[in-house]
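Accompanying notes for the structure given below.
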Amino acid sequence: MSLKDGSTLTYDLYQPLNEQEDDITVAICPGIANSSESVYIRTFVHLAQCNGYRCAVLNHIGALRSVQVTSTRIFTYGHTEDFAAMVEHLHQKYRQSRIVAVGFSLGGNLVTKYMGEDQKTKPDKVIGGISICQGYNAVEGTKWLLNWQNFRRFYLYIMTENVKSIILRHRHILLSDEVKARHNLNEREIIAAATLPELDEAYTRRVYNFPSTQELYKWSSSLFYFDTIKKPMIFINAKDDPLIPEDLLHPIKEYATTRQNTAYVEVAHGGHLGFYEGGFLYPNPVTWLDRTLVAMVGSLVMMHEVGKVAP
Numbered sequence: 001m002s003l004k005d006g007s008t009l010t011y012d013l014y015q016p017l018n019e020q021e022d023d024i025t026v027a028i029c030p031g032i033a034n035s036s037e038s039v040y041i042r043t044f045v046h047l048a049q050c051n052g053y054r055c056a057v058l059n060h061i062g063a064l065r066s067v068q069v070t071s072t073r074i075f076t077y078g079h080t081e082d083f084a085a086m087v088e089h090l091h092q093k094y095r096q097s098r099i100v101a102v103g104f105s106l107g108g109n110l111v112t113k114y115m116g117e118d119q120k121t122k123p124d125k126v127i128g129g130i131s132i133c134q135g136y137n138a139v140e141g142t143k144w145l146l147n148w149q150n151f152r153r154f155y156l157y158i159m160t161e162n163v164k165s166i167i168l169r170h171r172h173i174l175l176s177d178e179v180k181a182r183h184n185l186n187e188r189e190i191i192a193a194a195t196l197p198e199l200d201e202a203y204t205r206r207v208y209n210f211p212s213t214q215e216l217y218k219w220s221s222s223l224f225y226f227d228t229i230k231k232p233m234i235f236i237n238a239k240d241d242p243l244i245p246e247d248l249l250h251p252i253k254e255y256a257t258t259r260q261n262t263a264y265v266e267v268a269h270g271g272h273l274g275f276y277e278g279g280f281l282y283p284n285p286v287t288w289l290d291r292t293l294v295a296m297v298g299s300l301v302m303m304h305e306v307g308k309v310a311p
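Below, the structure is given as structure tokens:
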């Protein structure tokens, strides 16, 4: 798909492997720098297919090595335009299909923000959303990631290197002389960035014309879009998630208690997109999370059909 800004957007489409009475499409938004090739995405997709669901997986711009960047940008934490374009394309392709949005980690933030952006029109066939292991507030979340407790700083380094590798892989477009001059980019500072805040200061906030990283993070955070979500939502977090401390979970807990159409599920163990079962050395390939998500998609569909969810 070619977007208005010249970007090339791709998504992978998987048809159901078993018959399902209803036509349901699960629109999936992966985590940071991830795509349809990520193992946790492929595992969930296959289980959903076996349960009769069609799945569409957004490939974050720049994440696939086989697809060249065709504009001067990649994905970000808060720009929902790519996910919205995929959902609209699915709606045009399958007019009668009801759509459930599912987001993992960064994708959970994007899905939630998309559901709460009242200035954007959404197909009426989007009946609800599910968010897994997001942090809700990037302003506070980045502060926690800078400390070493639970190896957060180590995880932050890995995420930073993943995003940086995407930028450098497409440097002939993203860091051309014209782009660097237009956005006042210093390539050495981008390469030297050791944390996401440093990378966002050197690159992201400049490319997207934010006055500071704090403004970028606030605009990107799904927390500030809760009150305008109109469709039912399910949020899942684990208490032992090394990236998401409990302090970041208080707002979603409070929000869920005041909203009839919102459910918050918190489990003691699961880590960040883990939720494995079985033996330590040989866990089951299909996790508790995979099975639970498939069941939750079915629950959202059922509630929509019987009209138990208020508009």
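Position one of the sequence shown corresponds to residue 1 (UniProt numbering), numbered consecutively onward. For glycine and all other residues, C-beta sits at the position ideal for the given N, C-alpha and C.
Item, Value
"Compare the beta carbon distance of residue 340 and Y11 with 7 Å and say whether it is the shorter of the two.", "Nothing about residue 340 can be reported from this structure: the residues present for the chain run from 1 to 311 only."
"Hey, out of V297, I167, D5 and I28, whose CA is closest to Y14's CA?", "I28"
"Just the Cα atoms here: how many angstroms apart are I244 and G307?", "34 Å"
"Start and end of the alpha helix (DSSP H) containing R188?", "E187 to A192"
"Thinking C-alpha only, which one of H183, T257 and Y225 is nearest P211?", "H183"
"Against chain D, with Cβ distances strictly below 7 Å, would L156 count as a contact?", "As a matter of chain content, chain D is missing from the structure shown, which is built from one protein chain."
"Measure the alpha-carbon distance for L216 versus F235 and round it to whole angstroms.", "23 Å"
"Regarding S222 and the ligand SAH, is the C-beta to nearest heavy atom distance less than 6 Å?", "This structure lacks the ligand SAH, and indeed carries no ligand of any kind."
"Since I believe Q134 is in contact with N109 (beta carbons under 8 Å), could you give me their beta-carbon distance rounded to a whole number of angstroms?", "5 Å"
"Express the C-alpha separation of A33 and Y53 in angstroms, rounding to a whole number.", "25 Å"
"Does E266 come out as helix, strand or coil in the three-state DSSP assignment?", "strand"
"Quickly, what does DSSP pair R54 with across the bridge? List them, please.", "T25"
"Using the C-alpha atoms, what's the distance from F44 back to N18?", "15 Å"
"Note down the Cα distance separating V100 from M233, rounded to an integer number of angstroms.", "10 Å"
"Taking only runs that begin and end inside the stretch 141-221, name each unbroken alpha helix (DSSP H) of 4 or more residues, in chain order.", "152-169, 171-174, 177-183, 187-192, 196-199 and 213-220"
"Can you list, in chain order, the residues of its chain with a C-beta nearer than 7 Å to that of Q96? Leave out the 5 residues immediately preceding and following it.", "D23"
"Just to confirm before moving on: does the CB-CB distance between A181 and A193 stay below 7 Å?", "no"
"DSSP three-state label for Y114, please.", "helix"
"Which residue's Cα is closest to the Cα of S220: H89, N59 and L106?", "L106"
"By the DSSP assignment, the beta strand (DSSP E) with R98 in it spans what residues?", "R98 to F104"
"Whole-angstrom Cβ separation of G271 and D240, contact assumed at under 8 Å?", "6 Å"
"Would you give the residue range spanned by the alpha helix (DSSP H) that S131 belongs to?", "From DSSP, S131 is part of no alpha helix (DSSP H) but of the beta strand (DSSP E) over V126 to I132."
"Report the residue ranges of all beta strand (DSSP E) runs contained in full by the stretch 54-97; include only those spanning at least 3 residues, in chain order.", "54-59"
"When DSSP builds the beta bridges, which residues end up paired with D241?", "According to DSSP, D241 bridges with nothing at all."
"Does the beta-carbon of L145 have 16 or more other beta-carbons within 10 angstroms, so that it is buried, or is it exposed?", "buried"
"By DSSP, does L300 sit in helix, in strand, or in coil?", "helix"
"Looking only at its own chain, which residues have a Cβ that is under 8 Å from the Cβ of P311, when we skip the five neighbours before and after it?", "Bear in mind that the predicted position of P311 carries a pLDDT of just 47, short of 50, making it unreliable; the figure below should be weighed with that in mind. These residues qualify, in order along the chain: K230."
"How would you call H250, buried or exposed, if buried means at least 16 neighbouring beta carbons within 10 angstroms?", "exposed"
"Quick test of your reading: Y225 and G116, contact by CB under 8 Å. State the CB separation rounded to the nearest angstrom.", "3 Å"
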